[in-house]
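Protein chains in written order, with my numbering: chain A, 878 to 954; chain B, 4 to 271. No residue lacks a Cβ here, since even glycine has one placed at the ideal position from N, Cα and C. Nothing here was measured: the structure is a model prediction, and the numbers come from that model. Shown next, in structure tokens, is the structure this report addresses.
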Amino acid sequence: MVWMLTMNGLINLSYGSEVGFFITVALAGFFIVLYMIYPVFSRPRYIRSLNHVAIVYALFLGLVVVHRVLELITYWG
Amino acid sequence: MKVNGLSSYRLGFYFLIGFAALLALIAVLTEEPRWYLESPLLMLSASSVIGGIFLFALDENKVIDARLASRLSMQGIPALGHTIRDLGGHGTAIFLPPATEGGAVMQFIPTRFAGEPLQRDGGGLTYHQGSMGALSSPLASPIIEDLKRDNDLILPSEYNLLMRAICEVCEDVLSIANRVEIRREGDVVTFDLHNYLLRPGCASLREASPGLCVLCPCSICSLIACMIAEGLKCEISLDKVTQDDTGQTPIMSISYTLKRDARVQVPD
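Okay, structure coming up:
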């Protein structure tokens, strides 16, 4: 949350606010946090739920990226 | 931690999702439709949704009352301890590393009387280091098996990595302590379990019969000992269990002594 609030503030300060970009940055933070808390020697129950959430977030991130790429193609085309 | 039947993770999830809905509503009411996607309120709303789902995933269902869990974990231990003591059990239980690759940790309890030799299942009476004693599976055997099967538990043979694995099991997998600190002085390793979940049952057992703890260690003390014995392939015994309620969080300290590697000698 601290990461997302910080990014939200920075994006607004830079007058570049756009939800797609913000979600990309926020989800990148989520994956970093997930990597940092991931246990090495065992797999607790909550990690399975987090894995499912990570898959959904990765798909969502993919959608945002694809949408942006399509926008760029349309712009340059 | 539970508040009125809801875990703090679940409460956090409800709060963040509610907050996200409120922010989205304010954004819809105050912003023009063409600026929706650039609205800071909508970004905060997205933050809340992402954070809320994260908390929801961390929440584990089927939380049972800590007092009940502590009582359940101690069920049968006083009776078993007294039976062992009546049969001549004395001193401290010694956890023996697996005798073969893929074998299980065994628990040796010294006894005063000689009796039937080793049974087919690996249990019974036997000699170890020149003294007669009862050899049995430790109380934590089923838990270790479950952890290996369901939680892919790995027990490293390097001391520091093994200690990290024990912390993971206590803090993340079983969630029996908020934080685990490990101290080592020579052969004595002490585990400080902060806010130990099963503290009430453990305290009542030690109050009723202090000697039973080291003679017939309960599931959690036994679990940590088994993990060390299996990981480091060395003998280990439980020295003492102490409780410190003076600090900000109550601490349960469990001390073990690492012993030299030796195998059980089966009597003639």
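task: Quick one: residues in its chain with C-beta nearer than 8 Å to the C-beta of B/D62, no 5 flanking neighbours on either side, listed in chain order?
output: S10, Y12, R13 and F16
task: To the nearest angstrom, report how far apart B/G21 and B/T33 are at their CA atoms.
output: 18 Å
- prompt: Name the chain A residues whose beta carbon is nearer than 8 Å to that of B/D155?
  reply: S919 and R920
- prompt: For A/S926 and chain B, any beta-carbon pair shorter than 7 Å?
  reply: Yes, its Cβ sits closer than 7 Å to a Cβ of chain B.
message: Could you pull the DSSP bridge partners for B/F111 from this structure?
response: B/I97 and B/L138
message: Does the structure place the region 232-242 of chain B close enough to the region 96-108 of chain B that three or more beta carbon pairs sit under 8 Å?
response: yes
- prompt: What are the start and end residues of each continuous alpha helix (DSSP H) run of 4 or more residues lying completely inside the region 207-252 of chain B, in chain order?
  reply: 215-218 and 222-235
message: Would B/A96 and B/Q110 be called neighbours here (beta carbons separated by less than 7 Å)?
response: yes
Alpha helix (DSSP H) segment containing B/T33, residue limits: S11 to T33
- request: Report, in whole angstroms, the separation of the C-beta atoms of B/L150 and A/S926, which I expect to be a contact under 8 Å.
  value: Not a contact, Cβ separation roughly 18 Å.
task: Could you confirm whether any beta carbon from chain B is found closer than 7 Å to the beta carbon of A/F898?
output: no
task: Answer yes if the region 134-144 of chain B comes into contact with the region 883-893 of chain A, meaning at least three C-beta pairs across the two stretches below 8 Å, and no otherwise.
output: no
message: Is the separation between the beta-carbon of A/I900 and that of B/A49 shorter than 7 Å?
response: yes
field: Proximity winner among A/L940, A/E948 and A/F898, relative to B/S42 (alpha-carbon distances)
entry: A/F898
message: Measuring alpha carbon to alpha carbon, tell me which residue in A/A903, A/W953 and A/G954 is nearest B/V52.
response: A/A903
field: Alpha carbon of B/T114 to alpha carbon of B/H85, nearest angstrom
entry: 13 Å
message: For B/V183, would you say it is in contact with chain A, using Cβ-to-Cβ distances shorter than 7 Å as the test?
response: no
query: With a CB to CB cut of under 8 Å and the five nearest residues on each side skipped, what residues in its chain are close to A/F937?
result: I900 and L904
field: Proximal residues, the region 925-944 of chain A versus chain B, C-beta separation under 7 Å
entry: S926, L927 and V930
- prompt: For the beta strand (DSSP E) that B/V192 lies in, which residues bound it at each end?
  reply: V191 to H197
- request: Taking 7 Å as the cut-off, decide whether the C-beta atoms of B/L241 and B/P220 are in contact.
  value: yes
query: Considering only residues of the same chain and omitting the five flanking positions on each side of B/L47, which have a CB-CB separation below 7 Å?
result: L26
query: Listing by chain order, which chain B residues have their CB less than 8 Å from the CB of A/L949?
result: Correct list: empty, because the minimum Cβ distance to chain B is about 16 Å.
task: Give a yes or no on whether 7 Å exceeds the smallest Cβ distance from B/V191 to chain A.
output: no
query: Taking buried to mean at least 16 other C-beta atoms within 10 Å of its own C-beta, is A/T883 buried or exposed?
result: exposed
query: Less than 7 Å separating the beta-carbons of B/R182 and B/H197?
result: yes
query: If you draw a straight line from the C-alpha of B/G105 to the C-alpha of B/A168, how long is it?
result: Straight-line Cα distance between these residues: approximately 19 Å.
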